[in-house]
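Number of protein chains: 2
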Amino acid sequence: MENKQFFEAFNVENRIFDEISHEIGKIGYYELPDQNIDVISEFASNVTQKNIVVVGIGGSSLGTAAVYDFLRYKNNFEKKLFFCESTDPVLLNSTFKKLDLEDTLFIIISKSGSTIETISIFKYILSLVELNEKQFVIISDKGSSLHKLAHDKKLPYFEIPANVGGRFSVLSSVGLLPLAIIGVDIKMLLQGAKKIKESFFKQTQSYQDITHKASFYARNIGKYNINCLFSYSEAFRSFNDWYIQLWGESLGKKQYNSYLNVGLTPIGLIGPTDQHSFLQLIVEGKRDKSVTFIKVKDFDSILKIPNISIAYLENLDYVNEVDFSDLINKQADSIIESLLNKNDIPLDIIEIEKINEEAIGQLFFYFELLTSVVAKMINVNAYDQPGVEEGKKILRGYF
Amino acid sequence: MENKQFFEAFNVENRIFDEISHEIGKIGYYELPDQNIDVISEFASNVTQKNIVVVGIGGSSLGTAAVYDFLRYKNNFEKKLFFCESTDPVLLNSTFKKLDLEDTLFIIISKSGSTIETISIFKYILSLVELNEKQFVIISDKGSSLHKLAHDKKLPYFEIPANVGGRFSVLSSVGLLPLAIIGVDIKMLLQGAKKIKESFFKQTQSYQDITHKASFYARNIGKYNINCLFSYSEAFRSFNDWYIQLWGESLGKKQYNSYLNVGLTPIGLIGPTDQHSFLQLIVEGKRDKSVTFIKVKDFDSILKIPNISIAYLENLDYVNEVDFSDLINKQADSIIESLLNKNDIPLDIIEIEKINEEAIGQLFFYFELLTSVVAKMINVNAYDQPGVEEGKKILRGYF
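Set out below in structure tokens:
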């Protein structure tokens, strides 16, 4: 992948790099690209069920969904992946109607082991299917309630390393296990992440890209506090959702040693659809938004607009015999050019080679490192989420 | 529906109401709730195809998708509705693979009649299916290229009133025709809208709700420039997208007689899923966001969490025998309470009775009027989108 930036250059102090380098071993996600995946791959290859249900919410499902939705338009996965995350009864009803329960594997994922949505749905499932070691897998922190349950009932269990936060866990067993089961090449996924990791820690290209961009965001937090990710393919829809959680939950914080509430607001957009929606606000609205475009260099698809002329619409014949992939990329370029013409909308472009495992592995690690670096620069803890605890306590009080 | 607001009260000058009242006849969407729908209903009742494909982007599809996704979890529609809006080749390929082309009706929708995405896809369809009056319907402005084509080829044609903008057109033929075909009760949809319209123009409850809220947003545009819609049911996912277009594209503008770029940034959230994502940013991030919660009073569903105790998780038995609809509503209440405790996050709650046509009709008209009133108050034109024209010109230049 390439990242072309249109921000002014800026020297980044070495302090940030030193701090991050010293965190290796403490912040667990840095090491995920180098893990041994033999146990996961072997387990995955022995799964016989056709339906795979991920029961998990937030960090326990968003990364897996990002990869699945990225690849599913092109790959014909033999197994079907479902997500049960919401307590919404209309959605739950509709999901369970589609399942042949006997041919289903349930993967119960909760880092803490006691997420209320996940456990409520788990209970509901247990009213339909008896707990058994062929149809249930547990992914949770070591020592959690769910881990203890798995041990007692001899259920297959995979650990989430304690130092890997939920929204940084897609490359741990949380994402790798369900993805390996449906047939995603998780080795290539990690290889993509590893490329970015090595380039960053060797302070080569990705280090330059990430620190320059982070420093622009941090220095302009008072002005450009909204960061739009404008992804030009439907394949990125769930990736955008993953980005929103990563960015919003990691950076929306009280600063260390301060009373200040700071944060950068993530927005996920899909092109060209959102050219007909949010774009007007970017072009003419308040100058508080930066935009990162994601483009696919090679869609690996041939779907041409036919050489057909429609009466009264001959003025649009200029797209005849153009490939749709060429049209969508030119649409992206036209919007990029029109925004650059404004001179006051900060933007950059990320271009991936193809829609495949390696590319999304790169994207994950790029955005994770970007998040960690921005967090250092604005002096917040990227890895906690204290703001959501009060609501949980209040909920419990209602019952 | 009810709208409970936690903003301080404020006297709204009558000027705004007078200006809007004088626009009746000029701004077309005000009159849509009172239109005669006989022709649409009759046409719809004669459609025999099982697959209905809406070919249209932005305002030509978002409203229809909002209603369809709102109702489809509960209603078992006999016909299937598809949307072709993006020029993304991977998505187009995957959609067309699912279609039995002989059993498909194509509804080509473009207000201008020359939307590049829509016409490119139309051409692609014409390479698969010959243009014929049984399988193609045109919805467009009177006198547009598409209208002329329909006239020449004797295709069924429905008009979009010239004074109804794309993002305000869901209650015109744009939304009503495809929705009536799949079996949505469009009379009830309009009846919901009419309730809000009458209450607004009689200056009763909806007038109070809308003008108070609009005046809060307008007066605080410098501080709270991000407006989150936090909807507690998966059924609202596409409604949120509709809101984002309406709000962003209508309010992100250069002010009349001014050099200023102004705008309010819409964010769409789904509860409880986004409690595990964006919520942290609302609670602890910069104080630049207001939140509107949407709740469903009666989910009309019984799906209880069973009375099952899981070893090591007995501390969560407090949800046993609770209905999921009760849990999701209490989750919303707990978040509302925790935000109110902060004292500096402006919020309001919209509660609809049930998930049905009347409720979403009310929501459409409420948000449309809110948009029109805020636009008046911040002195922008809610009904144009000049910012997106430059990109179109540049695109054309590439070919």
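As they're listed, the protein sequences go chains C and P. Residues in the first sequence are numbered from 967 upward in steps of one, following the working numbering. Residues in the second sequence are numbered from 967 upward in steps of one, following the working numbering. Positions of the beta carbon are idealized from the N, C-alpha and C atoms, including for glycine.
### Message
Measuring straight from C-alpha to C-alpha, what distance separates SER1338/P and LEU1028/C?
### Response
Residue numbering aside, residue 1338/P sits at position 372 when the second sequence is read from its first letter. Residue numbering aside, residue 1028/C sits at position 62 when the first sequence is read from its first letter. Using only the alpha carbons, I get a separation of about 36 Å.
### Query
Short check: CB of PRO999/C to CB of LYS1168/C, under 8 Å?
Here residue 999/C corresponds to residue number 33 of the first sequence, with the count starting at 1. Here residue 1168/C corresponds to residue number 202 of the first sequence, with the count starting at 1. No, the pair does not count as a contact, with Cβ atoms beyond the cut-off.
### Test item: CB-CB of LYS992/C and ASN1129/C under 8 Å
Within the first sequence, residue 992/C is the residue found at index 26, counting from 1. Within the first sequence, residue 1129/C is the residue found at index 163, counting from 1. Cβ atoms of LYS992/C and ASN1129/C: closer than 8 Å.
### Message
Closer than 8 Å is the cut-off here; do at least three beta carbon pairs connect the segment 1090 to 1104 of chain C with the segment 1058 to 1077 of chain C?
### Response
yes
### Near-chain P residues of the segment 1190 to 1206 of chain C (beta-carbon distance less than 7 Å), N- to C-terminal order
ASN1191, ILE1192, SER1199, GLU1200, ALA1201
### Task
Grab the span of the alpha helix (DSSP H) containing PRO1144/C for me, first residue to last.
For the purposes of this step, residue 1144/C is identified with residue 178 of the first sequence, where counting begins at 1. 1139 to 1148 is the span of the alpha helix (DSSP H), which, as asked, contains PRO1144/C.
### Message
Distance check for CYS1050/P and ASP1035/P, CA to CA, integer angstroms please.
### Response
Indexing the second sequence from 1 puts residue 1035/P at position 69. Indexing the second sequence from 1 puts residue 1050/P at position 84. Whole-angstrom Cα-Cα distance: 15 Å.
### Message
Using a Cβ-Cβ distance cut-off of 8 Å, determine whether ILE1326/P contacts chain C.
### Response
As a first step, residue 1326/P must be located in the second sequence, where it is residue number 360. With 8 Å as the cut-off, ILE1326/P does not count as an interface residue toward chain C.
### Query
Rounded to a whole number of angstroms, what is the C-alpha to C-alpha distance between GLU985/P and GLU979/P?
As a position in the second sequence, residue 985/P is number 19, starting the count at 1. As a position in the second sequence, residue 979/P is number 13, starting the count at 1. Rounded to whole angstroms, GLU985/P to GLU979/P spans 11 Å at the Cα level.
### Query
Are the C-beta atoms of ASN1029/P and some chain C residue less than 8 Å apart?
Numbered from its first residue, the second sequence carries residue 1029/P at position 63. Reading the sequence as shown, one finds Gly at residue 1029/P and not Asn. No, GLY1029/P does not count as interfacial toward chain C.
### Query
Cβ of ILE1321/P within 8 Å of Cβ of ASP1266/P?
Numbered from 1 along the second sequence, position 355 holds the residue referred to as residue 1321/P. Numbered from 1 along the second sequence, position 300 holds the residue referred to as residue 1266/P. Yes, the Cβ-Cβ distance between ILE1321/P and ASP1266/P is below 8 Å.
### Query
Terminal residues of the continuous beta strand (DSSP E) containing LEU1195/P?
Residue mapping note: residue 1195/P aligns to position 229 of the second sequence, counting from 1. It spans 1192 to 1197 - the beta strand (DSSP E) in which LEU1195/P sits, taken as one unbroken run.
#### Entry: Sub-8 Å separation of ILE1162/C and PHE983/C beta-carbons
The count along the first sequence starts at 1 and reaches residue 1162/C at position 196. The count along the first sequence starts at 1 and reaches residue 983/C at position 17. No, the pair does not count as a contact, with Cβ atoms beyond the cut-off.
### Task
Measure how close the beta-carbons of ILE1082/C and GLU1303/P come, nearest whole angstrom, since I'm counting them as under 8 Å.
For the purposes of this step, residue 1082/C is taken as residue 116 along the first sequence, with counting starting at 1. For the purposes of this step, residue 1303/P is taken as residue 337 along the second sequence, with counting starting at 1. The Cβ separation is near 16 Å, so there is no contact.
### Query
Going along the chain, which unbroken runs of the alpha helix (DSSP H) with 4 or more residues stay wholly within the segment 1014 to 1090 of chain C?
1028 to 1037, 1055 to 1063
### Message
Taking 8 Å as the threshold (beta carbon to beta carbon), is GLY1357/C in contact with chain P?
### Response
Counting from one through the first sequence, the residue named residue 1357/C turns up at place 391. With 8 Å as the cut-off, GLY1357/C counts as an interface residue toward chain P.
### Task
Would you check if there are 3 or more beta carbon pairs closer than 8 Å linking the segment 1267 to 1276 of chain C to the segment 1248 to 1257 of chain P?
no
### Identity of the residue in PHE1062/P, SER987/P, GLU989/P nearest ASN1017/P by Cα
Along the second sequence, one-based indexing puts residue 1017/P at 51. Ranking the options by Cα distance to ASN1017/P, first place goes to PHE1062/P.
### Query
Residues in its own chain within less than 7 Å of GLY1218/C by CB, not counting five upstream and five downstream?
One-based indexing of the first sequence puts residue 1218/C at position 252. Closer than 7 Å at the Cβ level, and outside the excluded window around GLY1218/C, lie GLY1229.
### Message
So, with DSSP's three-state summary, where would you put LYS1100/P?
### Response
Position 134 of the second sequence, counted from the first residue, corresponds to residue 1100/P. In the structure shown, LYS1100/P sits in coil (DSSP, three-state: anything other than H, G, I, E or B).
### Query
If you count every other CB in all the chains shown that lies within 10 Å of the CB of GLU1323/C, and 16 or more means buried, which is it?
Translated into the one-based positions of the first sequence, residue 1323/C becomes position 357. Buried, since its Cβ has 16 or more Cβ neighbours within 10 Å.
### Task
Would you please state the rounded distance, in angstroms, between the beta carbons of LYS1261/P and ALA1298/P? I believe it to be under 8 Å.
Translated into positions along the second sequence, residue 1261/P becomes position 295. Translated into positions along the second sequence, residue 1298/P becomes position 332. Rounded, the Cβ-Cβ distance is 5 Å, consistent with contact.
### Message
With a threshold of 7 Å on Cβ separation, who are the neighbours of GLU1044/P within its own chain once the five nearest residues in sequence on each side are excluded?
### Response
Stepping through the second sequence from its first residue, residue 1044/P is reached at position 78. These residues qualify, in order along the chain: GLY1149.
### Query
Does any CB atom of chain P fall closer than 8 Å to the CB of ASN1322/C?
In the first sequence, counting from the first residue as 1, residue 1322/C sits at position 356. Not closer than 8 Å to any Cβ of chain P, the Cβ of ASN1322/C fails to qualify, so no.
### Query
Which residues share a DSSP beta bridge with TYR1222/C?
For the purposes of this step, residue 1222/C is identified with residue 256 of the first sequence, where counting begins at 1. In the DSSP output, where bridge partners are listed per residue, TYR1222/C has none listed.
### Task
At 7 Å on the CB atoms, spell out the chain C contacts of GLN1246/P, in chain order.
Locating residue 1246/P in the second sequence gives position 280, counting from the first residue. Correct list: GLY1214, GLU1215, GLY1218, GLN1351, GLY1353, VAL1354.
### Message
Determine whether the beta carbon atoms of SER1138/P and ILE1126/P lie at a separation below 8 Å.
### Response
Working through the second sequence from its first residue, we reach residue 1138/P at position 172. Working through the second sequence from its first residue, we reach residue 1126/P at position 160. Yes, the pair counts as a contact, with Cβ atoms nearer than the cut-off.
### Task
Under 6 Å Cβ to Cβ from SER1204/P, same chain only, skipping five residues before and after it: list those, please.
As a first step, residue 1204/P is located in the second sequence; it is residue number 238 there, counting from the start. Cβ within range, chain order: ALA1031, ALA1032, ASP1035.
### Task
Give every residue of the same chain whose Cβ lies closer than 6 Å to the Cβ of VAL1346/P, excluding the five residues on either side of it in the sequence, and list them in chain order.
On the second sequence, position 380 is the one that residue 1346/P refers to. So the qualifying residues of the chain are LYS1219, GLN1221.
### Task
Tell me, please, whether the CB atom of HIS1242/P is closer than 8 Å to any CB atom in chain C?
On the second sequence, residue 1242/P is found 276 positions in, with the first residue counted as 1. Yes, its Cβ sits closer than 8 Å to a Cβ of chain C.
### Message
Comparing C-alpha positions only, which one of GLU1355/P, VAL1285/P, THR1239/P sits nearest to SER1300/C?
### Response
Your numbering for residue 1300/C matches position 334 in the first sequence. When only C-alpha atoms are compared, the closest one is GLU1355/P.
### Chain-ordered chain P contacts of THR1070/C [CB-CB under 9 Å]
Here the question's residue 1070/C lines up with position 104 in the first sequence. Within 9 Å Cβ-Cβ: nothing; THR1070/C doesn't reach chain P, min ~18 Å.
### Query
What is the rounded straight-line gap between the Cα of ASP1316/P and the Cα of TYR1173/C?
Position 350 of the second sequence, counted from the first residue, corresponds to residue 1316/P. Position 207 of the first sequence, counted from the first residue, corresponds to residue 1173/C. Correcting the residue type first, residue 1316/P is Ile in the shown sequence and not Asp. When rounded, the distance between both Cα atoms is 46 Å.
### Task
Mind checking which residues open and close the beta strand (DSSP E) that includes GLU1317/C?
Within the first sequence, the letter at position 351 stands for residue 1317/C. 1313 to 1320 is the extent of the beta strand (DSSP E) around GLU1317/C.
#### Entry: Which listed residue (LEU1226/C, PHE1182/C, ALA1010/C, TYR1123/C) has its alpha carbon closest to that of ILE1152/C
Indexing the first sequence from 1 puts residue 1152/C at position 186. ILE1152/C has its Cα closest to that of ALA1010/C, out of LEU1226/C, PHE1182/C, ALA1010/C, TYR1123/C.
### Residue range of the alpha helix (DSSP H) that includes PHE972/P
The residue given as residue 972/P occupies position 6 in the second sequence. PHE972/P -> no alpha helix (DSSP H), and no H or E assigned at all.
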